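Have a look at the structure below, then the notes.
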DNA sequence: GGTATATTTCAACAATTCATGAGTAGTTGA
DNA sequence: TCAACTACTCATGAATTGTTGAAATATACC
C-alpha cells in the first residue's frame, strides 16, 4: 500500500462519525446495510451520512452496491486490513513490542501493559 | 483503549509530516533523536517540527526526554501498539480476513490480495 | 554578565473539514 | 402521470488544522 492511500484511510478513520460507521457495518459482513438503515441506526441526516460514507468509500474502507432504489454499504475487509498492515509492517517495521498487542489480543492489561478493550 | 484516545492517535497519524516523523524515529528505538537532529534530517523549521511533535506526544505515539539543552523524542511503542490493537480488535472485532495481513505480513500479494509493502 | 545554541510559544493567515438545510435525480407502485 | 420513497449534490458558514516568522524561554559556554 502506498503512503498517500494509507493517509487517506487514516484521515477517514480519524473521525468519530466515520469510526462509528465502520463499527456499525462490521457485524453485517459483505451484505452490509442500506444508507437508510444506517441513517436510522445512527440517527444521522441523509446528507451528513452521505458525506461520511463517501469519505470511507474513497478510502477503500467500505464498498457500495446498488440494489433497486437502495444503496448497500459494506466493510471492505481488504482495504481495512491493508491500512492496519501498513501501520504494523511498513510504518512500524514489524516492531515486536508493537505487534504484541495485535498478535496476543487476549493477554490481560497487567501482562502487556496495554489496553485492548473498553472497560 | 478508549475511543477518544484512539481518535486522537488516528488524527495524529493522518498527516504526512507526522507519519514521516514516526517512520524516522522508529529505527532509533528508546534513545530517540533530538529535535534538532530530526529537524535537520527532515529539513523542517523548528516551529513546524515542534507543532507536529506536540501532536504526536499528546496522542501518546512518541515520548520526550530532556537532556541538557536538548529534547529527545522516541517512539512510544505501547501507545502505537494500542492504536493498532484498537483498530484490529475493538474496531474490527478481530475479523479473520482483516487480521490476515497483520499476522502473515510476508505472504505475497497474489496469495492474500493485499499489498503490505511498497513496490 | 554576555553570547550562542536549542526548543517552544505566539499571532496571523490560508486551507481544509464538517454540519446544515434546500434542492435534485432516480426508482417504485398506484 | 403522479406521489412517495431513497439517496445524492450543492451552497453556506463555523470550526479546526497547518504554515510561517518573530519573539520568548532555557541551557551551555566564554
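Chains as they are written, first to last, in this note's numbering: chain F, 11 to 129; chain P, 11 to 129. Every residue gets a Cβ at the ideal spot worked out from N, C-alpha and C, and that includes glycine. Since the model is a prediction, treat every value here as computed from it, not as a measurement.
The alpha-carbon separation between residue 75 of chain F and residue 106 of chain P amounts to approximately 23 Å.
Per the coordinates, the alpha-carbon of residue 23 of chain P lies some 30 Å from the alpha-carbon of residue 41 of chain F. The residue among P:79, P:90 and P:77 with its C-alpha nearest the C-alpha of residue 33 of chain P is P:90. When the Cα atoms are used, residue 80 of chain F and residue 93 of chain F turn out to be separated by approximately 28 Å. The beta carbon of residue 88 of chain P falls within 9 Å of a beta carbon belonging to chain F, placing the residue at that interface. Sequence-distant partners of residue 96 of chain F (beyond 5 residues in either direction) whose C-beta falls short of 6 Å from its own C-beta, in its chain, are 11 and 16. Exclusion of the five residues before and after residue 38 of chain F leaves 84 as the residues of its chain whose Cβ lies within less than 7 Å of its Cβ. For residue 84 of chain P, the enclosing beta strand (DSSP E) covers residues 80-85.
One finds 24 in chain P with Cβ atoms closer than 7 Å to the Cβ of residue 21 of chain F, taken in chain order. When only Cα atoms are considered, residue 109 of chain F and residue 100 of chain P end up about 16 Å apart. A straight line joining the alpha-carbon of residue 103 of chain F with that of residue 55 of chain P spans about 27 Å. In terms of CA proximity to residue 28 of chain P, P:64 leads the group P:64, P:82 and P:88. With respect to residue 88 of chain P, residue 60 of chain P sits apart: the two C-beta atoms are not nearer than 9 Å.
In the three-state scheme derived from DSSP, where H, G and I count as helix and E and B as strand, residue 98 of chain F is classed as helix. Cβ contact annotation for residue 48 of chain F (same chain, cutoff 8 Å, sequence separation greater than five): 31, 34, 35, 54, 59, 63 and 83, in chain order.
For residue 103 of chain P, the residues of chain F that pass the 7 Å Cβ criterion are 36, in the order they occur in the chain.
The continuous alpha helix (DSSP H) containing residue 14 of chain F extends over residues 13-23. Per DSSP, the beta bridge partners of residue 76 of chain F are F:81.
For residue 63 of chain F, not one C-beta of chain P is nearer than 9 Å to its own C-beta. Relative to the Cα of residue 18 of chain F, the nearest Cα in the group F:68, F:86, F:78 and F:43 belongs to F:68. Of the residues F:13, F:98 and F:72, the one whose Cα lies closest to the Cα of residue 43 of chain F is F:72. In this structure, residue 20 of chain P sits near residue 20 of chain F, with a CB-CB distance shorter than 9 Å.
Identification of chain F residues near residue 110 of chain P by a Cβ-Cβ cut-off of 8 Å yields 91, ordered along the chain.
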